[in-house]
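Structure record follows, encoded as structure tokens.
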Amino acid sequence: MLMTLWNEFEHDEGSKIADMISTAPLIIALRVKVTTFNTLSFTTRYSSGILISPPLPDELSLRQWFSLNKEEIRNLLDAKTYNDASYLLPPPNEEDIKAISNFQASFPVQKAAWVQGTVKLAYGFSKYWTTACANCHKIVNADIDWIIHCPSCKQQTEVELRARIPIIITDASSSIHCIISGEDAGKLIEFTPLQLKQAQEDGFQIDTELNDALKKYTVVCFLKSYETPFQGQLQRKNTVIKAYTAAELSDRPLPLELPENTQVFSELGSSSARHAETSSKDQLFTPSTKLVLEKIAGASSYKDSQTSATSGAKRSLEFPEDLPADTDPKQPTKAAEEFAKEPAKSYGPPANIKDSPAKKPKAKED
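Here the UniProt record's numbering is used: position 266 in the sequence shown is 266, and no number is missing along the way.
Rendered as structure tokens:
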């Protein structure tokens, strides 16, 4: 996992650790905070304390453990698993999944939890995409051909398009509104972030298509709940940090029962999971979805490298790659028929960010 040092910890302990990083020093961090920044990471706060290479009793054999597992640790670092949500938040055990009503009632004592339920679109929104830092995925107001100095992770990085879909998750106890974005949103819908952007710019309403795609799924999600000021009051919001579909968990039956009146494709049970796998291969787009996709077919798929993550926060600590041998509101809409009759437009691919000479002023954080 990443651990970010802030303020005096960066200048004091951070400098000492940087000077001896090639020896993979042992540190003990006290009273650090677990945060969902970079999916899941540690961060210092004013009351934290960091001990660098402290004297330890012989029975604490972390150094021996490091020496025995050096190669595997290096492989994990090379694979950047410290930024990979699938490693940091693997599927939960049955006892770790909470009823949505219990999670809502436990705020603010508990601000994050695993929940499970069916999915549908939360209507009333006209924009289903956003621009974000390619490194930490925080929202920024910038064009995708910009190179920015991110105000959140402090890295000079590219700007990427990301899907950002408002959804409602429902279980037998309650429902909860939340936002799902990025790769987790992409596996539930039939549109790329670029197609979502172009559909909005062309004034084409795709709410029905999005809801039809979403309601096929039962998901297990790690949710974060937080409060943000809005018109002089605190408003509670919920964000999906990591999501798994029932098909992805076909070998792990989902524990919570669905409401009896839920008319969705539940995918529960082994036979249903097999049906889900078969039907997903043969599934066809709805006619209106086809119209949208044909309209924006000229746009090349958004670059695959958008899904890759870069190195993490500037002040985060990693073991070295090479160690010494002795150390271990609302757009006008068009009917689908009208949209289909329009002459086809040709959408070029987004500008090559790395080759773009433009360096615009630093963007403000959304």
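Glycine residues also receive a C-beta, built at the ideal position from the N, C-alpha and C atoms.
How about residue i: is its C-beta nearer than 9 angstroms to some C-beta of chain C?
i	result
A99	Checking the listed chains, one finds no chain C in this structure; it contains a single protein chain.
Is DSSP giving residue i helix, strand or coil here?
i	result
R164	strand
S181	strand
S225	strand
I17	helix
L68	helix
A99	coil
I206	coil
E8	helix
Q233	strand
I189	coil
K33	strand
E365	Residue placement at E365 is flagged as unreliable, the pLDDT there being 49, under the threshold of 50; a coordinate-derived value is accordingly withheld.
L258	Only weak support exists for where L258 lies, its pLDDT of 42 falling under 50; the coordinates are left without a value.
K334	Because the pLDDT of K334 is 42, which lies under 50, any placement of that residue in the model is unreliable, and the number read from its coordinates should be weighed accordingly. DSSP places K334 in strand when its eight states are reduced to three.
S279	Confidence is the limiting factor: at S279 the pLDDT is only 39, short of 50, which leaves the residue's position unreliable, though a coordinate-based value still follows. In this structure, S279 counts as helix in the three-state DSSP scheme.
What does DSSP give as the partner residue(s) for residue i in the beta ladder?
i	result
I27	I52
E158	I147
M3	F42
C136	DSSP output for C136 lists no bridge partner at all.
Q116	V220
I176	I169
V240	L223
L121	I167
T131	L161
T81	None; T81 has no bridge partner.
So, residue i versus residue j, is the Cβ gap smaller than 9 angstroms?
i	j	result
L180	A243	Here residue 180 turns out to be Ile, not Leu, going by the sequence shown. Contact: yes.
P91	L249	yes
L196	Y82	no
A136	Q155	Checking the sequence, you will find Cys at residue 136 rather than Ala. A contact, by the Cβ cut-off of 9 angstroms.
L214	I167	yes
I73	E13	no
A199	V219	no
F103	S225	yes
F204	Y128	no
C221	Q110	no
Using the Cα positions of residue i and residue j, report the straight-line distance between them to the nearest angstrom.
i	j	result
V32	T39	16 angstroms
Q233	D78	45 angstroms
F66	E95	32 angstroms
I144	S86	26 angstroms
P54	E71	24 angstroms
P108	W114	15 angstroms
L26	M20	10 angstroms
V264	I206	Here V264 scores only 35 on pLDDT, less than 50, and its place in the model should not be relied on; the value that follows carries that caveat. If you take the alpha carbons of V264 and I206, they lie about 20 angstroms apart.
A29	S41	13 angstroms
A24	I17	9 angstroms
I148	R236	30 angstroms
C153	T36	13 angstroms
A142	N69	42 angstroms
S15	I50	12 angstroms
D164	A112	A small fix is needed here, since residue 164 is Arg in this sequence, not Asp. The alpha-carbon atoms of R164 and A112 are separated by roughly 20 angstroms.
I139	L62	39 angstroms
N238	C150	23 angstroms
Q64	L76	18 angstroms
H11	S106	37 angstroms
I169	K80	31 angstroms
Y217	P57	51 angstroms
F230	L89	30 angstroms
I296	F125	Residue confidence for I296 is low, a pLDDT of 46 falling below 50, so the modelled location carries little weight and cannot support an answer.
When the Cβ atoms of the segment 42-60 are set against those of the segment 6-16, are three or more pairs found closer than 8 angstroms?
yes
Within 8 angstroms, do at least three Cβ pairs link the segment 196-215 to the segment 120-140?
yes
Three or more C-beta pairs closer than 8 angstroms, one from the segment 184-191 and one from the segment 235-251: is that the case here?
yes
Is the segment 168-176 close to the segment 87-107, with three or more CB pairs under 8 angstroms?
yes
Contact between the segment 146-161 and the segment 125-133: three or more CB pairs below 8 angstroms?
yes
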